[in-house]
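Q: All residue numbers for the sequence shown refer to the numbering used here, where the first residue is 10 and numbers rise by one.
Heads up, the beta-carbon is just placed ideally off N, CA and C, and yes, glycines get one too.
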Amino acid sequence: MTDLTLTIGDKNLSSWSLRPWILMKQAGIPFAEKNIRLDQPETRKVLAETSPSGLVPFLAHTTDSDEIRIWDSLAIAEYLNELYPEKQLWPADIKARAHARAVSAEMHSGFGAMRAVWPMQFLRQDLKHLTSGGVQRDIDRIAQIWGECRTKFGAKHESGGPFLFGVFSIADAMYAPVVSRFTTYGPLELSADAAAYIEAMSALPTMKEWGDGAKMQTGS
Ligand SMILES: N[C@@H](CCC(=O)N[C@@H](CS)C(=O)NCC(=O)O)C(=O)O
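1. Just grab the DSSP bridge partners of lysine 137 for me.
2. Determine the closest residue to leucine 173 out of Leu27, Leu98 and Pro66, with distance taken between C-alpha atoms.
3. Any chance the CB of threonine 59 is under 7 angstroms from a heavy atom of ligand 1?
4. Name the DSSP bridge partner or partners of histidine 70?
5. Residue range of the beta strand (DSSP E) that alanine 3 falls in?
6. May I ask whether a heavy atom of ligand 3 can be found less than 7 angstroms away from the beta carbon of valine 65?
7. Find out if the Cβ-Cβ distance for the pair leucine 132, glycine 220 is shorter than 8 angstroms.
8. Do serine 229 and ligand 1 come close, with the Cβ less than 7 angstroms from some heavy atom?
9. Just to confirm the assignment, what range does the alpha helix (DSSP H) spanning histidine 117 have?
10. Given 8 angstroms as the limit, is there contact between the segment 146 to 153 and the segment 113 to 123, that is, 3 or more CB pairs closer than that?
11. Using the Cα positions of tryptophan 80 and glutamate 91, report the straight-line distance between them to the nearest angstrom.
12. Assign phenylalanine 172 to one of three DSSP states: helix, strand, or coil.
13. In angstroms, rounded to a whole number, what distance separates the CA positions of threonine 16 and serine 211?
14. DSSP on proline 94, reduced to helix/strand/coil?
15. Please return the same chain residues whose Cβ sits closer than 6 angstroms to the Cβ of glutamate 87, not counting the five positions on each side in sequence.
16. So, are the CB atoms of isoleucine 85 and valine 112 less than 8 angstroms apart?
17. To test your reading of the DSSP string, which unbroken alpha helix (DSSP H) runs of 4 or more residues are found completely within the segment 163 to 221?
18. Please find out if some non-hydrogen atom of ligand 1 comes closer than 7 angstroms to the beta-carbon of tryptophan 155.
19. Looking at C-alpha atoms only, which residue of Asn21, Pro214, Ala201 and Met129 is the closest neighbour of threonine 160?
20. Straight-line CA distance for arginine 53 to glycine 63?
21. Using alpha carbons as the reference points, say which of Val126, Glu42 and Ser178 lies closest to tyrosine 194.
Structure follows, in structure tokens:
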């Protein structure tokens with residue numbers, strides 16, 4: 010039995026939940042998964058009973074003496090990084106790691122226009138949407154971040170991997186929901202680098218597994 014339990018929301022909708030879920034899957038960290046259906050009459054009550062913030066994702070780590078509770082996607086990622094140092098969830102190089110932390114924090118606290126106008130709908134690929142209200146500015150900045158990470162760090166990484174810092178890291182987990190949004194509300198005019206990143210992320214078996222879970226939950 011695993012001692013980590015990750016509680017998440019609907020896979021079609023819960024962008025914040027996708028981050029720690031895909032991080033743990035990609036890193037091969039075993040965990041039990043609990044699902045809470047969002048937007049149901051009982052959702053508020055169930056969330057309040059589960060997570061101190063009343064939000065998902067929520068990670069519980071049962072140890073011999075304690076239960077450690079973490080209720081924010083970036084805090085969960087940081088905790089897992091400390092729990093599994095050998096997995097190098099952040100890039101090993103200090104400059105790359107600082108950059109990865111900065112772009113992850115920027116994602117965590119920013120891009121409000123895109124979040125508001127383009128909610129994640131993981132299973133949809135056909136929603137054309139206006140890029141008004143600052144959405145285009147968010148798209149441009151995200152594409153710039155992806156291009157810069159891949160050119161300055163990813164391309165130079167010994168793995169030759171297609172991710173932001175070469176191999177999959179916390180930064181990729183943080184941007185996974187944006188990849189889904191760009192697919193849902195696209196096609197977008199993007200640089201070759203940003204388009205290649207979307208292709209690499211979308212091809213991950215873990216992204217497909219999340220989508221299969223969303224299909225099961227929605228009965229589609
Ligand atoms: N900053 C938090 C945000 C979490 C969040 O907003 N979660 C949403 C789901 S994606 C939620 O739990 N909403 C409650 C609801 O829909 O009732 C994190 O990074 O985990």
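A: Straight from the coordinates:
1. None, per the DSSP bridge assignment.
2. Leu98
3. no
4. Leu13 and Ile77
5. This structure leaves residue 3 out entirely; the chain is present only between 10 and 229.
6. This structure does not include ligand 3; its bound ligands are ligand 1.
7. yes
8. no
9. 103 to 118
10. yes
11. 16 angstroms
12. strand
13. 23 angstroms
14. helix
15. none
16. no
17. 179 to 194 and 201 to 211
18. no
19. Ala201
20. 7 angstroms
21. Val126
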